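Written below as C-alpha cells is the structure these notes are about.
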Amino acid sequence: MGDSAWIESMQEELHQFDRLDVWELVDRPLCKNVINIKWLWKNKHDEENTVIRNKSRLVAKGYAQKEGVDFEESFVPVAQLEAVWLFIAYAAHKSYTVYQMDVKTTFLYGPLKEEVYINQPDGFVDPYHPDKVYRLKKALYGLKQAPRAGDILLVQIYVDDIIFGIQIHQSPRGIFINQAKYAQEILIKHGMTSCDSVGTPMATKHINADLSETLVDQTKYQSMFGELMYLTTSRPDIVHATCYCARYQAKPTEKHLNAVKRIFWYLKDTIHMGLWYPKDTGFELTTFSDSDHVGCLDSRKTTSCGIQFLGGDKLVSWSSKKQDCTLMSSAEAEYVSLSACCAQVLWMRTQLIDYGFYFDKIPMYCDSKATIAISCNPVHHSRTKHIDVRYHFIKEKVEKGIIELFFVGIEYQLANLFTKALSEDRFKYLVRRLGMRCLTQEELEVLANKSA
C-alpha cells in the first residue's frame with residue numbers, strides 16, 4: 001500500500017478520528033485486553049463502474065473481545081422496512097419531498113461506556129511512543145457494541161448500505177419505489193438477460209420435496225434465493241413464489257432450481273415494476289387477510305398472509321408465511337391468519353399515532369364467514385376449543401371496536417396473490433390492484449414534466 005492515493009485515503013480516515021475525538025494515546029494497561037486493529041481497503045465505483053475514490057477503513061478485530069469485560073450488550077434495534085414505507089406513504093399523502101442523507105463514519109459518533117484499548121494502527125505508529133496504546137472514547141468499526149453505541153444517537157436510522165439498490169423517484173403526482181438496477185444486476189450475474197419471459201413468477205402446479213430427483217448445488221440455490229428475497233422489499237408480486245422456494249433450501253433439486261429460475265424469467269420483462277404511492281389521496285388504514293388451507297404438499301400446513309394499505313392505494317406492509325401448526329379446517333386456517341394480520345395492524349396503529357392518526361374500527365377483510373363468526377363471538381365452542389389461546393386475542397380487539405371484520409368475495413380478495421399460484425390474468429389484475437406499476441426512467445421523467 002505504497003500508492004500515494006491509498007496513503008492519502010488512510011490519512012483522511014485518521015483525520016476523522018482526530019476531529020471526532022475518538023481515542024487518546026495512553027500507557028499500556030496491565031491485565032487489560034488490548035485489541036488488534038487492521039486496515040480495510042475498497043474502491044468506490046459509480047453507476048458506470050468507474051473508480052471514483054479509494055476508501056480506507058480502520059476496524060477493530062472484535063472477535064477478540066470478551067463479553068462482560070470489553071462489552072456488555074451488542075444488540076441494536078433498527079427501523080423495520082414497513083416503518084420506512086409507512087413514512088414514505090405519509091410523505092406522499094402530505095405531498096412532502098423526501099430527502100435521503102448519509103452520515104459519514106457513523107459509528108465514530110457513538111460514545112463508549114466500556115473501557116476498551118486498541119493497538120496503534122500499522123504504518124501510523126507514534127515514533128515517540130511506540131509502546132503506548134489507544135483508549136477508545138467513541139465506538140470503532142468491528143467492535144461488538146459499535147452498532148448499539150451509534151444507535152443511542154441515531155434512533156431508527158439505517159447504518160451503511162442497508163437500503164442499497166432501492167430507488168425512490170419523486171414527482172408532483174406521487175412517489176415510486178423500485179429496485180430496477182438491482183434486478184438488472186442479478187439477471188446479468190446469473191446470465192438470464194436473454195432468457196424467455198413468463199407472465200407469472202410461479203407455475204400453477206405446486207412443487208414438493210421429491211428427493212428422488214437429482215440434487216443441485218445448494219450454495220447456488222441459496223444465493224439466488226437470497227437475492228430474490230432482498231428484491232421482495234419493493235416487489236410484493238414475487239413474495240409468495242420466493243417464500244415457497246425458500247422451503248427447499250436444505251435439499252434443492254432440479255425442479256426447485258427451475259422454480260427459482262422462473263422467478264428470474266418473470267423479472268426479465270418486469271424489471272421496472274415497483275410500488276406507486278399517489279399524492280393527495282386518503283390515508284385510512286385497511287387490511288386483507290387470507291390463507292391457503294393445507295397448501296403445502298409436504299407438511300399439509302397452511303400458508304397465511306396479510307396485506308395493509310393506507311388510503312386504499314398505498315401498500316405498506318405484506319407477508320406470506322407457512323403456519324407452524326397443522327389445522328383441521330379452512331375456518332381455523334383463516335382464523336390463525338386473521339390473528340397474525342391483526343397483530344401487524346395493531347403495530348401499525350401504534351406507529352400511526354406518532355403521525356397524528358388515531359384509528360379505530362379498522363376494516364379487516366376476510367373471505368371466510370365462519371372465521372368472522374368465530375372472531376365476533378366471545379363463546380368458545382367445542383369445534384374451536386382446541387385452538388391455541390394466543391390466536392384468540394383478536395376477539396378482544398373486535399369487542400373493543402379496534403378491529404371491524406368484513407366479508408369479501410374471493411374475486412375481490414386482494415391477498416390471494418400471497419397464498420397461491422394464479423393464472424396470468426388473475427395475477428396481473430391483483431398486481432395492479434395492489435398499487436404496483438411498471439414505470440421506466442423515461443416514463444417517470446415524462447410523468448414529472450407533465451405535472452410540473
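According to UniProt numbering, the stretch in the sequence shown is residues 1 to 452, in order.
Every residue, glycine too, gets a C-beta built ideally from N, C-alpha and C.
Computed from a prediction, not measured in an experiment: that's the story for all the values here.
(request) Kindly indicate which residue of 262, 27, 111 has the alpha-carbon position closest to the one of residue 146. (result) Residue 146 sits at position 146 when you count from the first residue of the sequence shown. The residue with the shortest Cα to Cα distance from residue 146 is 111.
(request) Please classify residue 43: does DSSP put it in a helix, a strand, or coil? (result) The count along the sequence shown starts at 1 and reaches residue 43 at position 43. Looking at residue 43 - three-state DSSP - the assignment turns out to be strand.
(message) For the alpha helix (DSSP H) containing residue 167, name the first residue and the last one.
(response) In the sequence shown, counting from the first residue as 1, residue 167 sits at position 167. Where residue 167 is concerned, there is no enclosing alpha helix (DSSP H), although the beta strand (DSSP E) it sits in stretches over 167-171.
(message) DSSP three-state label for residue 246, please.
(response) On the sequence shown, position 246 is the one that residue 246 refers to. The answer is helix: DSSP assigns residue 246 an H, G or I state.
(request) Kindly identify the DSSP beta-bridge partner or partners of residue 285. (result) By 1-based counting over the sequence shown, the position of residue 285 is 285. Answer is 310.
(message) Closest to residue 57 by C-alpha separation, out of 43, 369, 64, would be which residue?
(response) Along the sequence shown, read from residue 1 onward, the residue named residue 57 stands at position 57. The residue with the shortest Cα to Cα distance from residue 57 is 43.
(message) According to DSSP, simplified to helix, strand and coil, what is residue 228?
(response) For the purposes of this step, residue 228 is identified with residue 228 of the sequence shown, where counting begins at 1. Residue state, collapsed to three classes: helix.
(request) Specify the secondary structure class of residue 300 as computed by DSSP and reduced to three states. (result) Position 300 of the sequence shown, counted from the start, is the residue given in the question as residue 300. Three-state result, residue 300: coil.
(message) Per DSSP, what are the beta-bridge partners of residue 274 in this structure?
(response) Walking along the sequence shown from the start, residue 274 turns up at place 274. Beta-bridge pairing links residue 274 to 178, 437.
(request) Determine the extent of the alpha helix (DSSP H) in which residue 82 is found, giving its start and end residues. (result) By 1-based counting over the sequence shown, the position of residue 82 is 82. From DSSP, the alpha helix (DSSP H) with residue 82 extends over 81-93.
(request) Since I believe residue 286 is in contact with residue 333 (beta carbons under 8 Å), could you give me their beta-carbon distance rounded to a whole number of angstroms? (result) Working through the sequence shown from its first residue, we reach residue 333 at position 333. Working through the sequence shown from its first residue, we reach residue 286 at position 286. Not quite, the Cβ-Cβ distance comes to about 22 Å (not below 8 Å), so this is no contact.
(request) Give the DSSP bridge partners of residue 23, in chain order. (result) By one-based count along the sequence shown, residue 23 stands at place 23. Bridge pairing for residue 23: 136 [DSSP].
(request) Just confirm the distance between the C-beta atoms of residue 200 and residue 414, as a whole number of angstroms; I'd bet it's less than 8 Å. (result) Position 200 of the sequence shown, counting from 1, holds the residue named residue 200. Position 414 of the sequence shown, counting from 1, holds the residue named residue 414. Not confirmed; about 16 Å, so no contact.
(request) Determine which residues share a DSSP beta bridge with residue 117 and list them. (result) Translated into positions along the sequence shown, residue 117 becomes position 117. Residue 117 is bridged to 34, 135.
(request) Could you check the C-alpha separation between residue 217 and residue 253 for me, to the nearest Å? (result) Within the sequence shown, numbered from 1, the residue matching residue 217 stands at position 217. Within the sequence shown, numbered from 1, the residue matching residue 253 stands at position 253. Straight through space, the alpha carbons of residue 253 and residue 217 are spaced by roughly 9 Å.
(request) Starting from the C-beta of residue 64, find all residues in its chain whose C-beta is less than 8 Å away, skip the five residues before and the five after it, and write them out in chain order. (result) Counted from its first residue, the sequence shown places residue 64 at position 64. Cβ neighbours of residue 64 beyond the five flanking positions: 33, 35, 36.
(message) Short of 8 Å in beta carbon distance, which residues of its chain neighbour residue 367, apart from the five on each side in sequence? Order them along the chain.
(response) As a first step, residue 367 must be located in the sequence shown, where it is residue number 367. Correct list, in chain order: 290, 334, 407, 408, 409, 410, 413.
(message) Tell me the DSSP secondary structure of residue 423 in three-state form.
(response) For the purposes of this step, residue 423 is taken as residue 423 along the sequence shown, with counting starting at 1. Correct three-state label for residue 423: coil.
(message) For a minimum of 4 consecutive residues, which ranges assigned as the alpha helix (DSSP H) are wholly contained in the region 315-372?
(response) With a minimum length of 4 residues, the unbroken runs of alpha helix (DSSP H) contained wholly in the region 315-372 fall at 330-353.
(request) Run the CB neighbour count on residue 439, radius 10 Å, all protein chains shown included, and call it buried at 16 or more, exposed below. (result) Against the sequence shown, residue 439 aligns to sequence position 439. Residue 439 should be labelled buried.
(message) Since residue 242 and residue 225 should fall inside the 8 Å C-beta cutoff, what is the C-beta to C-beta distance between them, to a whole number of angstroms?
(response) One-based indexing of the sequence shown puts residue 242 at position 242. One-based indexing of the sequence shown puts residue 225 at position 225. Right, their Cβ atoms sit about 7 Å apart.
(request) Use the C-beta contact count for residue 454: other C-beta atoms within 10 angstroms, 16 or more gives buried, fewer gives exposed. (result) Absent from the structure is residue 454, since the part of the chain shown begins at 1 and ends at 452.
(request) Check whether the Cβ atoms of residue 221 and residue 257 sit closer than 8 Å, and answer yes or no. (result) Taking the sequence shown and counting its residues from 1, one reaches residue 221 at position 221. Taking the sequence shown and counting its residues from 1, one reaches residue 257 at position 257. It is a contact, given that the beta carbons lie within the stated cut-off.
(message) Taking only three categories from DSSP, how would you classify residue 211?
(response) Along the sequence shown, read from residue 1 onward, the residue named residue 211 stands at position 211. Three-state result, residue 211: coil.
(request) Return helix, strand or coil for residue 269, following the three-state DSSP convention. (result) Within the sequence shown, residue 269 is the residue found at index 269, counting from 1. Coil.
(message) I'd like to know whether the C-beta atoms of residue 88 and residue 98 end up nearer to each other than 8 Å.
(response) Taking the first residue of the sequence shown as position 1, residue 88 is located at position 88. Taking the first residue of the sequence shown as position 1, residue 98 is located at position 98. Yes, these two residues count as a Cβ contact at 8 Å.
(message) Quick check on the DSSP output: the alpha helix (DSSP H) that includes residue 396 runs from which residue to which?
(response) In the sequence shown, counting from the first residue as 1, residue 396 sits at position 396. Its alpha helix (DSSP H) spans residues 393-399.
(request) In angstroms with no decimal places, state the Cα-to-Cα distance between residue 432 and residue 260. (result) Indexing the sequence shown from 1 puts residue 432 at position 432. Indexing the sequence shown from 1 puts residue 260 at position 260. About 23 Å.
(message) Excluding the 5 residues flanking residue 144 on each side, which residues of the same chain have their C-beta closer than 7 Å to its C-beta?
(response) In the sequence shown, counting from the first residue as 1, residue 144 sits at position 144. So the qualifying residues of the chain are 62, 65, 71, 74.
(message) So, with DSSP's three-state summary, where would you put residue 98?
(response) For the purposes of this step, residue 98 is taken as residue 98 along the sequence shown, with counting starting at 1. In the structure shown, residue 98 sits in coil (DSSP, three-state: anything other than H, G, I, E or B).
(message) Does residue 445 pass the burial test, meaning 16 or more other C-beta atoms within 10 Å, or should it be called exposed?
(response) Within the sequence shown, the letter at position 445 stands for residue 445. Burial call: exposed.
(request) Could you check what DSSP says for residue 188 in three-state terms: helix, strand or coil? (result) In the sequence shown, the residue the question calls residue 188 occupies position 188. DSSP places residue 188 in helix when its eight states are reduced to three.
(message) Helix, strand or coil, according to DSSP, for residue 403 in the structure here?
(response) Against the sequence shown, residue 403 aligns to sequence position 403. Strand at residue 403.
(request) Grab me the residues of residue 278's own chain with a C-beta within less than 7 Å of its C-beta, minus the 5 sequence neighbours each way, in chain order. (result) The residue given as residue 278 occupies position 278 in the sequence shown. 92, 173, 174, 313, listed in sequence order.
(message) Taking the beta carbon of residue 49 as the centre, do at least 16 other beta carbons fall within 10 Å, making it buried, or is it exposed?
(response) Counted from its first residue, the sequence shown places residue 49 at position 49. Counting Cβ neighbours within 10 Å, residue 49 comes out exposed, since fewer than 16 surround it.
(message) If I follow the unbroken beta strand (DSSP E) through residue 51, where does it start and stop?
(response) Reading the sequence shown from its first residue, position 51 is the one you call residue 51. If you look at residue 51, you'll find it in the beta strand (DSSP E) that goes 51-60.
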